[in-house]
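Presented below is the structure to which this report refers.
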Amino acid sequence: MVNIKLSGQKRFLNLSIYQKESILRILSDQLIWIILIFLFIIISIVEPIFLSRINIINVLLHSAVLGIMVIGESICLISGKFDLSIESTLGFTAMLGAILVVDFGWNPYLTILLVLGLGIFIGYLNSLMIIKLKIDPFVVTLGMLIVLRGLSLVISGGYTRYNFPAAFKFFAAHTKSGLISVPILLMLFCYVVFSTILYRQKFGRHLYAVGGNIDAAYTSGVNVSKVITKAFLISGFLAALSGLVLSSRLNSVPTTLGKGMVFEVMAAAVIGGISLRGGRGSLLGALGGVLLMSSIDSALTLTRVSAFWVETSKGLLLLTAVFLDTLKIRLIPLLRRSWLED
Numbered sequence: 089m090v091n092i093k094l095s096g097q098k099r100f101l102n103l104s105i106y107q108k109e110s111i112l113r114i115l116s117d118q119l120i121w122i123i124l125i126f127l128f129i130i131i132s133i134v135e136p137i138f139l140s141r142i143n144i145i146n147v148l149l150h151s152a153v154l155g156i157m158v159i160g161e162s163i164c165l166i167s168g169k170f171d172l173s174i175e176s177t178l179g180f181t182a183m184l185g186a187i188l189v190v191d192f193g194w195n196p197y198l199t200i201l202l203v204l205g206l207g208i209f210i211g212y213l214n215s216l217m218i219i220k221l222k223i224d225p226f227v228v229t230l231g232m233l234i235v236l237r238g239l240s241l242v243i244s245g246g247y248t249r250y251n252f253p254a255a256f257k258f259f260a261a262h263t264k265s266g267l268i269s270v271p272i273l274l275m276l277f278c279y280v281v282f283s284t285i286l287y288r289q290k291f292g293r294h295l296y297a298v299g300g301n302i303d304a305a306y307t308s309g310v311n312v313s314k315v316i317t318k319a320f321l322i323s324g325f326l327a328a329l330s331g332l333v334l335s336s337r338l339n340s341v342p343t344t345l346g347k348g349m350v351f352e353v354m355a356a357a358v359i360g361g362i363s364l365r366g367g368r369g370s371l372l373g374a375l376g377g378v379l380l381m382s383s384i385d386s387a388l389t390l391t392r393v394s395a396f397w398v399e400t401s402k403g404l405l406l407l408t409a410v411f412l413d414t415l416k417i418r419l420i421p422l423l424r425r426s427w428l429e430d
């Protein structure tokens, strides 16, 4: 046993600095899955019902909307930017779609296309102000969050819309057992598609390059403006898609739909290994962050913890995620220097 450990250490020491750094980055980005497995074991011991089929399905259903939104936010974060407006994009596009089908009797399929197109347009407006007007992403997306929330109140008159046509409720369809569910399948499909884009397509390579070092990416011939614009288009599209899924599940659209979700989205992404400073992280890790957030919510509900503590736990998770992200950023350069000295 000792010989095996020593040989493993020797093999690691014989690797180049870049190989060691790459291994550490992969381990840090996917650490979330180890934490998730450990959490599942602990919670199932304390509350055995946690691993029941019904609860697992509920955790996955809760993860669906959050998970789709996290993809868009993660892509923005990898590019070195972020999008705070996603929760209001979700609420506004869903409210507009609900008004069109309920109040005006629009064709639900046409409305769905309009809702998704509107999400893309909002993402484009964000990118336009960030790139062309050189306004800080925090200011732009925070302003858009407030504007869209206000517009949602204006167009709705403050009233909830409900009772959608059957075609509009497709996004919540599932079998009686719940084993086959459109929201869950849609979330997994989005992760497969966008993971493939990030790791197999030129856009993905350029995205990491821009987030890692925007000046070096520009010097290398990367169209930085185009990459950032695409990131926000994707974020807007996925926020609108999340709005369709959530409103379909609820069969209603209140004026507060999605309110506060941006904090959960940011926490899930960062806990999953997406760096706030850009250029690092994976969607697989982000998915782990989503499942961790949903599992903690479920565990606190099953153990009948006060709702006030549920909100507190989300804040603590976000702070923990930021702390871990900062720790990883500082730790790898320190290890690199120690390896160079060796």
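Here the sequence shown stands for residues 89 to 430, where the numbers follow my numbering. Glycine included, every Cβ here is placed at the ideal spot set by N, Cα and C. Source: prediction; values computed, not measured.
From the DSSP output, which residues share a beta bridge with residue 262?
The residue labelled residue 262 in the question sits at position 174 within the sequence shown. Answer is 269, bridged to residue 262.
Could you give the C-beta distance for residue 279 and residue 375, rounded to a whole number, given that I count them as a contact under 8 Å?
Numbered from 1 along the sequence shown, position 191 holds the residue referred to as residue 279. Numbered from 1 along the sequence shown, position 287 holds the residue referred to as residue 375. About 6 Å; that satisfies the 8 Å criterion.
Candidates 304, 188, 316 and 274: which alpha carbon is nearest residue 292's?
Indexing the sequence shown from 1 puts residue 292 at position 204. The shortest C-alpha separation from residue 292 is found at 316.
Is the CB-CB distance between residue 319 and residue 167 below 7 Å?
Numbered from its first residue, the sequence shown carries residue 319 at position 231. Numbered from its first residue, the sequence shown carries residue 167 at position 79. Going by C-beta atoms, residue 319 is nearer than 7 Å to residue 167.
Could you tell me the alpha carbon to alpha carbon distance between residue 214 and residue 281, rounded to whole angstroms?
Within the sequence shown, the letter at position 126 stands for residue 214. Within the sequence shown, the letter at position 193 stands for residue 281. Their Cα atoms are separated by approximately 24 Å.
Report the option in 273, 300, 395 and 390 whose CA atom is closest to the CA atom of residue 151.
Residue 151 sits at position 63 when you count from the first residue of the sequence shown. The shortest C-alpha separation from residue 151 is found at 273.
Return the Cβ separation of residue 239 and residue 180 in integer angstroms, given the expectation that the two are a contact with Cβ distance under 8 Å.
As a position in the sequence shown, residue 239 is number 151, starting the count at 1. As a position in the sequence shown, residue 180 is number 92, starting the count at 1. Sure, about 6 Å apart at Cβ, within 8 Å.
Opening and closing residue of the alpha helix (DSSP H) in which residue 317 lies:
Counted from its first residue, the sequence shown places residue 317 at position 229. Its alpha helix (DSSP H) spans residues 312-338.
CA-CA distance, residue 414 and residue 327?
In the sequence shown, counting from the first residue as 1, residue 414 sits at position 326. In the sequence shown, counting from the first residue as 1, residue 327 sits at position 239. The straight-line gap from Cα to Cα measures roughly 27 Å.
Out of 136, 174 and 271, which has the shortest C-alpha to C-alpha gap to residue 226?
Taking the sequence shown and counting its residues from 1, the one referred to as residue 226 is at position 138. Minimum Cα distance to residue 226 is reached at 174.
Select from 358, 368, 384 and 354 the residue whose C-alpha is nearest the C-alpha of residue 297.
Translated into positions along the sequence shown, residue 297 becomes position 209. That would be 368, whose Cα lies nearest to the Cα of residue 297.
Are residue 124 and residue 332 touching if we call contact CB-CB under 7 Å?
Residue mapping note: residue 124 aligns to position 36 of the sequence shown, counting from 1. Residue mapping note: residue 332 aligns to position 244 of the sequence shown, counting from 1. Contact flag unset, no.
Over what stretch of residues does the alpha helix (DSSP H) that includes residue 225 continue unbroken?
Against the sequence shown, residue 225 aligns to sequence position 137. Per DSSP, residue 225 belongs to the alpha helix (DSSP H) from 225-244.
Candidates 182, 216 and 190: which alpha carbon is nearest residue 206's?
The sequence position of residue 206 within the sequence shown is 118, counting from 1. Residue 182 is the option with its Cα nearest to residue 206.
Along the chain, where does the alpha helix (DSSP H) that runs through residue 391 open and close?
Taking the first residue of the sequence shown as 1, we reach residue 391 at position 303. Run containing residue 391: none; DSSP gives neither H nor E here.
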